[in-house]
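Here the sequence shown stands for residues 436 to 632, where the numbers follow this note's numbering.
Glycine included, every Cβ here is placed at the ideal spot set by N, Cα and C.
Please read the structure below before turning to the comments.
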Amino acid sequence: MLPLRSVLARALTSRTLALQVCSSFATGPRQNDGTFYEFHTYSLKPSKMNEFLENIKKNMHLRTAHSELVGCWSVEFGGRMNKVFHIWKYENFAHRTAVQKALAKDKEWQEQFLIPNLALIDKQESEITYLVPWCKLEKPPKEVHVLWWNESADSRAAGRHHSHEDPRVVAAVRESVNYLVSQQNMLLIPASFSPLK
């Protein structure tokens, strides 16, 4: 029911959409594919979190008129609180540039969405990610789907316990741990307008 975000893998459901480890600059084996996903992370002033969420709910249509929103979540727990994540899909960098130019000319978006939210944000980050070669974006069979899909926080805990007893998982972790620099998990709540829930 609540989404879990793994910064290490930045994965959108284990069966439907998994993303490579994020980089602030575009790299990776899918770069020739063109399509990429941009993660926007907003760190908000604690007293302004609800105001920010209400404003984006009311005015998100102004932004989605320009490009596709994959999902929007807020942090429930894990890491720094008072964060909101958006994921935007672009066909290529030319598409992203065209969207940015269109937004710069869109006075309604600037006045109702951008300018009111600027005063609420402490920090904003942007990262580019690509799908790993064996995955594709599609709708899961259930309406509730997340970055790593779990029925609940309790089912995630049970699944992790079970996987720690699976020799295949233990071997895979043992092989990949040398490449791990850091890992952080967050439990996220999807916004009511988020395409991915």
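> For the alpha helix (DSSP H) that THR532 lies in, which residues bound it at each end?
Replying inline: It spans 528-540 - the alpha helix (DSSP H) in which THR532 sits, taken as one unbroken run.
> Helix, strand or coil for MET621 per DSSP?
Replying inline: In the displayed model, MET621 falls within a strand according to three-state DSSP.
> From which residue to which residue does the beta strand (DSSP E) around PHE474 run?
Replying inline: Run containing PHE474: 471-479, per the beta strand (DSSP E) assignment.
> Rounded to a whole number of angstroms, what is the C-alpha to C-alpha distance between PHE471 and ALA592?
Replying inline: Between the alpha carbons of PHE471 and ALA592 lies a distance of about 31 Å.
> Do you know offhand how far ALA607's Cα is from GLY469's?
Replying inline: In a straight line, the C-alpha of ALA607 is about 29 Å away from that of GLY469.
>> Tell me the rounded alpha-carbon separation between PHE539 and GLN545.
In response: Checking the sequence shown, residue 539 turns out to be Ala, not Phe. Going from the Cα of ALA539 to the Cα of GLN545 covers about 8 Å.
> Would PHE548 be called buried (16 or more neighbouring beta carbons within 10 Å of its own) or exposed?
Replying inline: The residue in question, PHE548, is buried, as its Cβ has 16 or more Cβ neighbours within 10 Å.
> Out of curiosity, what's the CA-to-CA distance linking PRO602 and ASN613?
Replying inline: The alpha-carbon separation between PRO602 and ASN613 amounts to approximately 18 Å.
> Just reading off the alpha helix (DSSP H) that SER509 is part of, what are its end residues?
Replying inline: Segment 503-512 is the beta strand (DSSP E) holding SER509; no alpha helix (DSSP H) there.
>> Looking at the secondary structure, which residues open and close the alpha helix (DSSP H) in which PHE520 lies?
In response: Where PHE520 is concerned, there is no enclosing alpha helix (DSSP H), although the beta strand (DSSP E) it sits in stretches over 518-525.
>> Quick check on this structure: which residue in LEU497, LYS558, ARG531 and LEU504 has the alpha carbon closest to the alpha carbon of PRO481?
In response: Shortest Cα-Cα distance from PRO481 to any of LEU497, LYS558, ARG531 and LEU504 involves LYS558.
> How is the beta strand (DSSP E) around LYS493 delimited, first residue to last?
Replying inline: LYS493 -> not in any beta strand (DSSP E); alpha helix (DSSP H) instead, spanning 484-499.
> Around the Cβ of VAL519, are there at least 16 other Cβ atoms within 10 angstroms (buried) or fewer (exposed)?
Replying inline: Classification of VAL519: buried, given that the 10 Å Cβ count is 16 or more.
>> So, at 7 Å on beta carbons, what are the nonlocal neighbours of SER629 in its own chain, with the 5 sequence-adjacent residues on each side left out?
In response: Cβ contact annotation for SER629 (same chain, cutoff 7 Å, sequence separation greater than five): GLY506, CYS507 and TRP508, in chain order.
> By how many angstroms is the C-alpha of LEU504 removed from the C-alpha of LYS542?
Replying inline: Taken atom to atom, the span from the alpha-carbon of LYS542 to that of LEU504 is near 20 Å.
> Secondary structure at LEU631, three-state DSSP: helix, strand or coil?
Replying inline: In the three-state DSSP reduction, LEU631 falls in the strand class (E or B).
> For the alpha helix (DSSP H) that GLU610 lies in, which residues bound it at each end?
Replying inline: It spans 602-611 - the alpha helix (DSSP H) in which GLU610 sits, taken as one unbroken run.
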